[in-house]
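Participant: Sequence positions in the sequence shown follow numbering that gives the first Met the number 0 and run 0 to 399.
Glycine residues also receive a C-beta, built at the ideal position from the N, C-alpha and C atoms.
Note that this is a predicted model, so its numbers are computed, not measured.
The structure that follows is given in the form of structure tokens.
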Amino acid sequence: MVEFDHTRGRTMEASRTQDRSGARDTLPERIDHADWRELSYRLRLTDGLPTFPPERCQVERLIEGTGLPADHVIGRIPPGRRIATVEAIAANAAMAGCLPEHLPVVLTAIEAMLAPGFNLAGVVTTTHPCWPLTIVSGPAVRALGMETRESLFNGGGARANLAIGRAIRLVLWNLGSAYPREPVQEILGHPGRMAYCIAEEPENTPWESIHTARGVETPQGAVTVFACEGPQIVNLWGVASPDGDPIAERWLEMIADQMCARGNSNTHTMGELLVVITPSMARILAAEGWTRARVQTFLWERARRRLGDIRVDPQGRPTLERAAHYDWWPGWVDQSDPETRVPVTWSAESIHIVVSGADSIPCAAVCPSWGHLGGFAMTRALPNSGASGSSRTDEEKNDS
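See the structure below:
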């Protein structure tokens, strides 16, 4: 049995002499599946779920589809900071069951996460249960066979959704050493750590795509990464319109109420937040004259909580003294007045909206974030055909 570690950026033998991905001739031609299972657990090359053996032919096929050399460096993956070459990422993608057309999405997502404003090191090690969500949008969604309907957040049975999400997880595990306890300090965990990837509905929607709304024009599609918690479902119960009267505003009020729960991270830390709206709900909103931007503005104005309810002492009284102030809140938030209505995000544009999910009953989901500390949305265009990373948004713009 051959022992190797190219999933971590180098072979075990080469790791003694180099800090780059091992050459492809060090990859085994064939790996016995039973041997691989035991080896992967013994070398901690998996987070607990079984993986496919990354055989040379599989890894080479993935690399060839990118148009990039095997030793092309994407960056160092924190917190372990191993070098992520195309080959090392491809090896992890092979372990996840990716097809060649999936790898450009994985590479683009990893590049986006390595943007300084994303603070990947903090995201993967924090006590907070956030994890990078990968959102694929545009024509690539259909081309890749991604699922956008039922069971959206657990892949919907589509290979692309789960393989891409799984590959990203393994890259962060093997190249970033994102292991529980040391260095990851996450208290309760996030099920999305196993695979957290969704696709935006590209056709059955009344609005522009999330990447277009974020200023990225691309004919093939884009990837947006955003560190957030799991979805908190907003069931639109108790609001009916038997006579066909406008109902959109009442629905949006329910979403806003979910966004500003007292124990919500964003209620205390602001930052950014994701809202997923089903196609049926989006169509009704649009029919009543609501654009994406108008929805963002409404939610930002309504998803606010009274300062006197956010910070209290053991007797339930508002804590207004200077020592209790949140220094990360903008200066325009009056922290001396208990009646101040505090928004959950920095701005309306900091509320990211995705239209996706089953096209049945209107429904929505709210995904709180890590607040002001990082994990901010980063959007990158997918490559036209070969090399990854040819088009990207301005990082400084995405930091704010």
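(1) Let me make sure I understand the geometry here. Which of A247, D256 and E216 has the alpha-carbon closest to that of A286?
(2) I'd like the list of long-range same chain contacts for F152, defined as Cβ closer than 7 Å, with 5 residues on each side in sequence excluded.
(3) Of the choices G155, P138 and M193, whose alpha-carbon is the least far from that of L48?
(4) If I'm right that L171 touches I62 with Cβ under 8 Å, what's the distance once you round it to whole angstroms?
(5) Would the stretch 363 to 383 count as touching the stretch 100 to 117 if we require 3 or more Cβ pairs under 8 Å?
(6) Start and end of the alpha helix (DSSP H) containing W250?
(7) How far does the beta strand (DSSP E) with S136 in it extend, from its first residue to its last?
(8) So, helix, strand or coil for H189, using DSSP?
(9) With H, G and I counted as helix, E and B as strand and the rest as coil, what does DSSP make of G74?
(10) Using the C-alpha atoms, what's the distance from W130 back to R23?
(11) From this set, R310, T50 and A92, which residue's C-alpha is nearest I163's C-alpha?
(12) Taking DSSP's pairing of strands, which residues face A322 in a bridge?
(13) Going by DSSP, name the residue or residues bridged to T277.
(14) What does a CB cutoff of less than 7 Å around R291 pick up in its chain, not counting 5 residues either side in sequence?
(15) Quick test of your reading: V123 and A166, contact by CB under 8 Å. State the CB separation rounded to the nearest angstrom.
(16) Mapping DSSP to helix, strand and coil, what is P317?
(17) Pick helix, strand or coil for C56, following the three-state DSSP scheme.
(18) Go ahead and pull the three-state DSSP assignment for T50.
(19) Cα separation between T223 and T50?
(20) Mind checking T126: buried by the 16 CB within 10 Å criterion, or exposed?
(21) Per DSSP, which residues does L272 bridge with? Please list them.
(22) Might you give, ordered along the chain, the residues of its own chain that have their beta carbon closer than 7 Å to the beta carbon of A357, omitting 5 neighbours on each side?
(23) Could you name the residues of the same chain whose beta carbon sits closer than 6 Å to that of P179, not counting the 5 residues immediately before and after it, in chain order?
(24) Let me confirm a value: H32 is counted as buried when at least 16 other C-beta atoms fall within 10 Å, else exposed. Which label applies?
(25) Apply the 10 Å Cβ neighbour rule to S240 and answer buried if 16 or more other Cβ atoms are within range, or exposed otherwise.
(26) Alpha carbon to alpha carbon, what distance is there between Q219 and N383?
(27) Tell me the rounded alpha-carbon separation between L273 and A226.
(28) With the cut-off set at 8 Å, would you say S136 and E86 are in Cβ contact?
(29) Tell me whether the beta-carbon of M253 lies closer than 8 Å to the beta-carbon of V238.
(30) Under 7 Å Cβ to Cβ from N173, same chain only, skipping five residues before and after it: list those, please.
(31) Please report the straight-line C-alpha distance between I360 and G155, rounded to a whole angstrom.
(32) Where does V311 sit, in a helix, a strand or coil, going by DSSP?
(33) What whole-angstrom Cβ distance do T266 and V343 have, given they're in contact under 8 Å?
(34) Please report the Cβ distance between E228 and P53, rounded to the nearest whole angstrom; I am assuming they are in contact, meaning their Cβ atoms lie under 8 Å.
(35) With H, G and I counted as helix, E and B as strand and the rest as coil, what does DSSP make of P218?
(36) Which stretch, first to last residue, makes up the beta strand (DSSP E) that contains T296?
Facilitator: So, from the listed chains and residues:
(1) A247
(2) Result list for F152: I197 and P230, in chain order.
(3) M193
(4) Actually they are not in contact, since the Cβ atoms of L171 and I62 sit about 20 Å apart, beyond 8 Å.
(5) yes
(6) A247 to M258
(7) Segment W130 to S136, the beta strand (DSSP E) holding S136.
(8) In this structure, DSSP gives H189 a state outside helix and strand, which the three-state scheme calls coil.
(9) If DSSP states are grouped into helix, strand and coil, G74 belongs with the strands.
(10) Note that R23 scores a pLDDT of 43, beneath 50, so its modelled location is shaky and nothing firm can be said.
(11) A92
(12) A322 is not bridged by DSSP to any residue.
(13) Bridge partners of T277: none, in fact.
(14) W206, E207, A212 and I352
(15) Going by Cβ atoms, the distance from V123 to A166 rounds to 15 Å, so no, they are not a contact pair.
(16) strand
(17) helix
(18) coil
(19) 26 Å
(20) exposed
(21) I350
(22) Apart from sequence neighbours up to five positions away, the residues of its chain that approach A357 with a beta-carbon distance below 7 Å are R148, E149 and T277, ordered along the chain.
(23) Closer than 6 Å at Cβ, skipping near neighbours: no residue.
(24) exposed
(25) exposed
(26) 6 Å
(27) Straight across, the Cα-Cα distance linking L273 with A226 is about 10 Å.
(28) no
(29) yes
(30) T6, R7, L44 and N91
(31) 17 Å
(32) strand
(33) 6 Å
(34) In fact, because the Cβ distance is near 31 Å, the residues do not count as touching under 8 Å.
(35) coil
(36) No beta strand (DSSP E) contains T296, which is instead part of the alpha helix (DSSP H) from R291 to R301.
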